[in-house]
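Structure, as structure tokens:
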Amino acid sequence: MWFLLMSGIWVSLPWLAPVLMHLGWVGPARALYAFYSLQCHQLPQRSFFVFGPQPMLSLAQINIAWRDTLDPGVLRQFIGTPSTGYKVAWSDRMVSLYTSIPIATALWLPVRRRLRPLPIWAFLLLALPMLLDGGSHMLSDLGGIGQGFRYDNLWLARLTAGSLPASFYAGDALGSFNSWMRLITGTIFGAALVWAVFPQLDAAFAEVVPVAELGRPAGERLP
């Protein structure tokens, strides 16, 4: 239960950052952005925005609202404005990955005695989609933010004969192919991590307690 509480706080604080910005508490908000920037690229076009008209912004909208740049080191500095809203301190992939961990833990707890640990080969298989998606984004971004093969996804448009809306193929907006892949693969990885690791930890702790009990005087129990 302590893990659920702590992880719940952990995944809530990135959402607190834009709330603090909206309230005008800039110092604490920037402290949260700085802390979570150690775990995430915080690119604004791949982040959720709150207190604005849209849940996500395109590169073009960010360039208009802030400055005209494709430099990822500069782009990640954009937090938001009163008119665009303020970004969550994690990217959409990190939101789905980390949020899935306490949710998967809560689902695992009632069935932990009956559910076998996820085999390592199955964990690697479930981790593969995120590795492929994240890796292809990294390769694509080497050609420049907003210019690589994962930005327009022309390869996917050809595979599907352009049967889906243009907004699904291009960009990172909520509902686009890129957005769906980041959300889905992050969620799968987080849930697989819980299924693979937590049963092992639970079994290890179950063995530690009886061993500790054996070393205590008769009738005396662990506090």
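Each residue of the sequence shown is one higher than the last, beginning at -9 in the working numbering.
Note that CB positions come from ideal geometry on N, CA and C, so glycine has one too.
Check whether LEU(-6) and PRO92 have beta carbons under 8 Å apart
yes
Kindly confirm or deny that the stretch 32 to 46 and the stretch 157 to 166 touch, where touching means at least three C-beta pairs closer than 8 Å.
yes
Length of the line joining the Cα atoms of SER86 and TYR26:
15 Å
Closest to ALA94 by C-alpha separation, out of GLY176, THR71, VAL9, TRP5, would be which residue?
GLY176
Option in VAL1, TRP(-8), PHE41, GLN29 with minimal Cα separation from LEU10
It is PHE41.
Could you pull out every residue in the same chain whose Cβ sits closer than 8 Å to the Cβ of ALA196, ignoring the five residues on either side in sequence?
none
How long is the line joining the alpha carbons of ASP192 and ILE178, rounded to whole angstroms?
21 Å
Using beta-carbon positions only, say whether TRP80 and PHE68 come within less than 8 Å of one another.
no
Which class does ALA24 belong to by DSSP, given the choice of helix, strand or coil?
helix
Under a three-way DSSP split, which group does TRP80 fall into?
strand
SER153 lies in the beta strand (DSSP E); which residues open and close that run?
That residue, SER153, is in no beta strand (DSSP E); it is neither H nor E in DSSP.
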